[in-house]
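Read through the structure below, which is laid out as structure tokens, and then see the notes.
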Amino acid sequence: MAAHAAASSNLSVPTLFNFTSHVVLITGGASGLGEMAAQAFVQNGARVIIASRIQAELEKTSRRLNDLGPGKCDWVVADLKDKKGCEIWLRRGAPYDDFPESGWDKIYALNVKAMFYTTVLLHNLLTKGATADHPSRVINIASMAAIMTTDVTVGEEGGLAAPGSGTWSYGPSKAACIHLSKMQASKLVSEHVTVNCVCPGAFPSRMTQFGFDKAAEAMAAVQPTGRSGNPEDFAGLILFISSMGAAHITGNVFEIDGGSVLSGFKSKKQNKRESRM
């Protein structure tokens with residue numbers, strides 16, 4: 026019986042990766058990785074709602090994505106740094122910050138508390154109509170900064186996203202995202218909601234522009250693939266996790282950094298040299 030279990034199933038790509046019935050909420054969707062994800066869903070026929078704090082950016086991004094089609098993009102202004110703002114799921118984060126207590130609290134509020142309360146407040150919507158074969162999806166965006174303890178781009182001029190060392194609050198907050206995602210996955214799986222976490226490495230965005238502008242050589246030197254991430258890399262993974270093909274996957278952490286951390290930030294040349302030894 027097991028040998029013929031797929032006989033009655035439609036395993037075609039149009040079935041496994043059909044997003045025309047998807048409704049997707051993306052916080053931080055006006056720019057950066059959130060915008061990349063929004064474009065991927067819109068261009069594959071989904072209805073997307075992007076949320077951010079700045080209306081002008083939301084309007085601009087929404088217009089661009091609607092012009093691309095065939096899906097539709099709407100927007101809502103939302104400041105998610107406190108519970109009230111969450112009340113107005115792809116969870117996108119916020120910028121690096123520095124040492125002050127107010128900065129530390131702000132990063133944790135945006136990257137951890139907002140992630141928790143947004144999912145709590147959307148709980149009824151997520152579970153409504155969800156089934157074992159067609160679960161709702163929550164995708165939380167953490168960072169490779171959650172896994173590594175150093176920023177190889179940090180120098181006197183600053184780090185990847187901002188002047189100064191700035192990663193003190195960012196990395197720990199993103200590590201909290203990973204653990205919270207696993208807790209959410211464990212809690213929600215019986216209600217047919219999957220929760221997975223994505224940890225991007227270096228991708229060009231408004232947040233990382235400082236690092237790309239100031240430390241481009243240092244960044245290129247530690248990419249074993251010889252390049253940073255691009256929109257196709259990120260969008261492809263997000264679409265997969267959201268697809269029928271990933272309906273039975275939950276509580277996982279996906280690292281998407283081209284092997285930088287795995288290889289110890291060794292360049293492509295270094296890896297080739299060591300393979301000959």
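My numbering puts the sequence shown at residues 26 to 302. Positions of the beta carbon are idealized from the N, C-alpha and C atoms, including for glycine. Remember, it's a predicted structure, so these values are computed and weren't measured experimentally.
Determine the burial state of residue i: buried for a count of at least 16 other Cβ atoms within 10 Å of its Cβ, exposed for fewer.
i, result
"Glu181", "Its pLDDT being 49, under 50, Glu181 is placed unreliably by the model, and nothing is read from it."
"Lys153", "exposed"
"Met244", "buried"
"Met26", "Residue placement at Met26 is poorly supported in this model, since its pLDDT is 46, which falls under 50; the coordinates still yield a value, given next. Label assigned to Met26: exposed."
"Val48", "exposed"
"Leu150", "exposed"
"Cys111", "Because the pLDDT of Cys111 is 43, which lies under 50, any placement of that residue in the model is unreliable, and the number read from its coordinates should be weighed accordingly. Cys111 comes out buried."
"Ala139", "buried"
"Arg252", "exposed"
"Met208", "exposed"
"Leu90", "buried"
"Gly183", "Note on Gly183: pLDDT 45, under 50, position unreliable in the model; no value is reported."
"Gly289", "exposed"
"Val223", "buried"
"Pro188", "Confidence at Pro188 is low in this model, with a pLDDT of 46, below 50, so its placement is unreliable and the value that follows should be read with caution. Label assigned to Pro188: exposed."
"Ile113", "Legend: pLDDT at Ile113 = 43, less than 50; position of this residue unreliable, no value from coordinates given."
"Thr178", "Any reading at Thr178 must be qualified, since the residue scores a pLDDT of 49, below 50, and its modelled position is unreliable; the value itself is stated next. Classification of Thr178: buried, given that the 10 Å Cβ count is 16 or more."
"Val163", "buried"
"Ala77", "One point to set straight first is that residue 77 is Ser, not Ala, in the sequence displayed. Buried, because 16 or more other Cβ atoms sit within 10 Å of the Cβ of Ser77."
"Ala210", "buried"
Checking 9 Å against the spacing of the C-beta atoms, do residue i and residue j come in under that value?
i, j, result
"Pro160", "Val73", "no"
"Asp282", "Pro225", "yes"
"Ile172", "Asn221", "no"
"Pro249", "Gly284", "yes"
"Gly57", "Phe228", "yes"
"Met269", "Leu41", "yes"
"Gly59", "Ile75", "yes"
"Ala260", "Ala55", "no"
When the Cα of residue i is compared with those of the options, which residue comes out closest?
i, options, result
"Ala71", "Lys207, His148, Ser267, Ala200", "Ser267"
"Ala155", "Val214, Leu135, Phe44", "Val214"
"Thr143", "Ile51, Ser288, Phe44", "Ile51"
"Gln80", "Leu58, Asn91, Val67, Gly53", "Gly53"
"His204", "Val137, Ser33, Ile132, Asp158", "Val137"
"Glu280", "Met169, Ala62, Asp130", "Met169"
"Asn165", "Leu262, Leu287, Cys98", "Leu262"
"Asp104", "Ser127, Leu135, Ala201, Ala246", "Leu135"
"Gly206", "His148, Ala167, Leu147", "Checking the sequence shown, residue 206 turns out to be Ser, not Gly. The shortest C-alpha separation from Ser206 is found at Ala167."
"Ile132", "Ala200, Thr45, Thr174, Val286", "Ala200"
"Ser194", "Asp130, His148, Ser87, Glu216", "Asp130"
"Lys212", "Asn255, Phe141, Thr86, Arg88", "Phe141"
"Asp258", "Ala62, Val101, Gly96, Ser87", "Ala62"
"Val278", "Val247, Cys202, Ala246", "Cys202"
Starting from residue i, follow its DSSP beta bridges and name the residues at the other end.
i, result
"Val67", "Answer is none; Val67 lacks a bridge partner."
"Glu257", "Answer by DSSP bridge pairing: none, since Glu257 is not bridged."
"Phe44", "Partner(s): none; Phe44 has no beta bridge."
"Cys98", "Val73"
"Phe279", "Val223"
"Leu90", "According to DSSP, Leu90 bridges with nothing at all."
"Arg162", "Thr219"
"Val49", "Val73"
Under a CB-based cut-off of 9 Å, is residue i close to chain C?
i, result
"His159", "The question asks about chain C, but that chain is absent: this structure has only one protein chain."
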